[in-house]
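As structure tokens, the structure follows; a few thoughts come after it.
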Amino acid sequence: MADARDADSRDARDGDTLGDWLAARPFALAMSSGFFSFYAHTGMLSTLTGRGLSPRAVAGSSAGALVGGAWAAGLPADALAHRLERLERAEFWDPAVGAGLLAGRRFDRILRDMLPTTAIRACRVPVKISVFDIVRRATAVLDDGDLAHAIRASCAVPALFHPVWIAKRAYWDGGILDRPGLAGLAGDDRVLFHHSASKSPWRTKLGVPRRPGMVTLVIDELPRSGPFRLEHGRRALALARDATQRALDTRIVDGVVRVRA
179 MADARDADSR DARDGDTLGD WLAARPFALA MSSGFFSFYA HTGMLSTLTG
229 RGLSPRAVAG SSAGALVGGA WAAGLPADAL AHRLERLERA EFWDPAVGAG
279 LLAGRRFDRI LRDMLPTTAI RACRVPVKIS VFDIVRRATA VLDDGDLAHA
329 IRASCAVPAL FHPVWIAKRA YWDGGILDRP GLAGLAGDDR VLFHHSASKS
379 PWRTKLGVPR RPGMVTLVID ELPRSGPFRL EHGRRALALA RDATQRALDT
429 RIVDGVVRVR A
């Protein structure tokens with residue numbers, strides 16, 4: 179049975195367009211870390227759901243956790259896009275003494291104002307959020323509890339944000355060890371992975387992860403955003419939205435669909 183499933187997955191990747199492959203059977207969506215790549219993730223997801231292709235589960239690290247978690251909580255991708263397009267640095271910029279520049283309290287307020295629910299168990303689909311357990315020096319996957327805390331922990335880039343404490347454990351950015359945000363998905367899940375091609379703060383080489391039953395979408399040449407370049411993020415959102423439209427009509431080659439912004 180497993181062999182038949184794997185063969186079916188290989189055949190579909192070799193012959194189908196991305197849109198056909200996604201429409202054929204239910205799929206989970208994983209989105210990578212990548213600093214402020216939540217703009218690109220949001221543009222991609224906006225196009226995906228606009229074509230009636232909604233994931234049955236979401237997983238992610240950092241930027242991917244923010245977008246996947248917000249959508250799973252009931253916030254439409256277009257509504258998230260509208261909020262991000264209006265985001266200003268002063269809204270989340272709260273320097274404070276501690277193990278990082280920003281306390282994160284303003285970021286927490288943004289999340290709680292934006293999310294339709296802050297209970298992970300109340301989300302419309304299962305949510306798996308990767309975080310870095312500072313004491314254990316290992317990836318942990320949060321799939322229960324407070325969604326805003328989980329997202330903020332997964333986005334807590336070392337040196338930029340203070341660690342986030344949940345149930346007496348301190349966490350930092352999930353992308354430290356799980357850049358793809360795939361740790362929460364079972365090996366036999368059928369997965370669309372949106373790979374952020376931008377460099378992370380702790381790596382220079384960005385390989386495209388591969389695993390059975392997974393198709394990876396890569397959008398090249400997106401503008402790189404950051405807290406002092408939010409206008410680049412807004413541009414990346416629009417470009418990713420348009421690029422995903424083209425990607426859905428592009429044939430999969432060796433498990434990857436690659437398009438230019």
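Following this note's numbering, the numbering of the sequence shown begins with 179 at its first residue and continues without gaps. We put the beta carbon where it would ideally sit given N, CA and C, even for glycine. Quantities reported herein were computed from a predicted structural model and do not represent experimental measurements.
Residue i versus the options, residue with shortest Cα-Cα distance
i    : options                : result
H340 : P390, D286, A243       : D286
G242 : I430, A439, P358       : P358
W271 : L338, A348, A364, H372 : L338
R424 : G193, F205, R229       : R229
H373 : G362, G365, Y349, L400 : L400
C301 : G252, L265, P273       : G252
S240 : M392, D398, V335, R389 : V335
L258 : G385, V396, A218, L355 : A218
R419 : R264, T220, V434       : T220
F310 : T295, L289, T296, A348 : A348
G411 : V393, I430, R264       : R264
G365 : R388, G353, K346       : R388
S215 : L370, A361, V431, G353 : G353
W343 : R368, V313, D321       : V313
DSSP-derived helix/strand/coil call for residue i
i    : result
S240 : coil
R429 : strand
T295 : coil
D184 : Caution is warranted here: a pLDDT of 45 is assigned to D184, below 50, making its placement in the model unreliable, and the coordinate value is therefore given only provisionally. It is helical.
W350 : strand
I421 : Note that residue 421 corresponds to Ala in the displayed sequence, not to Ile. Of the three classes helix, strand and coil, the one that applies to A421 here is helix, per DSSP.
G193 : helix
I344 : strand
A300 : helix
A316 : strand
I332 : Ile is not the amino acid found at residue 332; the sequence shown has Ser there. Residue state, collapsed to three classes: helix.
R381 : Because R381 sits at a pLDDT of 49, beneath the cut-off of 50, its placement in the model cannot be relied upon, and the following sentence gives the value as read from the coordinates. Here R381 sits in coil by DSSP.
R287 : helix
L355 : coil
R402 : coil
R407 : coil
L363 : coil
L338 : coil
R388 : coil
R413 : helix
Rounded distance between the beta-carbons of residue j and residue i, thought under 8 Å
i    : j    : result
R261 : M292 : 6 Å
T225 : T422 : 4 Å
R436 : V393 : Actually they are not in contact, since the Cβ atoms of R436 and V393 sit about 11 Å apart, beyond 8 Å.
Any C-beta of chain C under 8 Å from that of residue i
i    : result
A259 : Reference to chain C is not applicable here, since this structure consists of a single protein chain.
On the three-pair Cβ rule with 8 Å, is the segment 199–217 touching the segment 269–279? no
Every unbroken alpha helix (DSSP H) within the segment 198–279, with a cutoff of 4 residues, ordered by chain: 216–228, 241–250, 255–263
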